[in-house]
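S.K.: Mind looking over this structure? Questions follow.
The following block contains the structure:
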């Protein structure tokens with residue numbers, strides 16, 4: 414018989430959710446209210462809503478990562494990533510991707526190194542690819 418209780422090791426985890434909010438402020442607000450930072454690390458959003466300053470809605474619990482060239486007015490941003498502010502800023506960095514439809518981050522942690530991309534793929538063409 415075992416004198417001590419054998420516990421399974423806790424595996425490292427990274428919790429990611431993806432959602433297309435269809436440029437709706439109501440859908441994006443609802444998503445932000447439902448995404449508990451205690452449960453999620455990364456939120457990938459396609460077709461986010463923007464205000465008159467060309468910024469999106471987020472709370473202080475999330476760092477917004479926009480695609481490279483977001484404010485250049487050539488093409489509307491259709492994808493972004495929110496990173497949980499509880500994650501150390503030294504554990505992730507934005508990747509340089511030349512597309513308004515693709516944004517990426519690289520994360521390093523107990524799970525190793527991983528790249529995460531949020532991609533808006535228009536059904537009429539494959540320009541984002």
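In the numbering used here, the protein residues as written are 414 to 542.
Glycine included, each C-beta is placed from N, C-alpha and C at the ideal position.
Identify the residues that DSSP records as bridge partners of residue 495: which are they?
M.R.: 456, 477
S.K.: Report yes if the C-beta distance between residue 478 and residue 507 is below 7 Å; otherwise report no.
M.R.: A contact, by the Cβ cut-off of 7 Å.
S.K.: Reducing DSSP to helix, strand and coil, say where residue 433 ends up.
M.R.: In the structure shown, residue 433 sits in a strand (DSSP, three-state: E or B).
S.K.: Suppose you measure from the CA of residue 537 to the CA of residue 514; what does that come to, to the nearest Å?
M.R.: 14 Å
S.K.: Are there 16 or more other CB atoms within 10 angstroms of the CB of residue 468, so buried, or fewer, so exposed?
M.R.: Within a 10 Å sphere around the beta-carbon of residue 468 sit fewer than 16 other beta-carbons, which makes this residue exposed.
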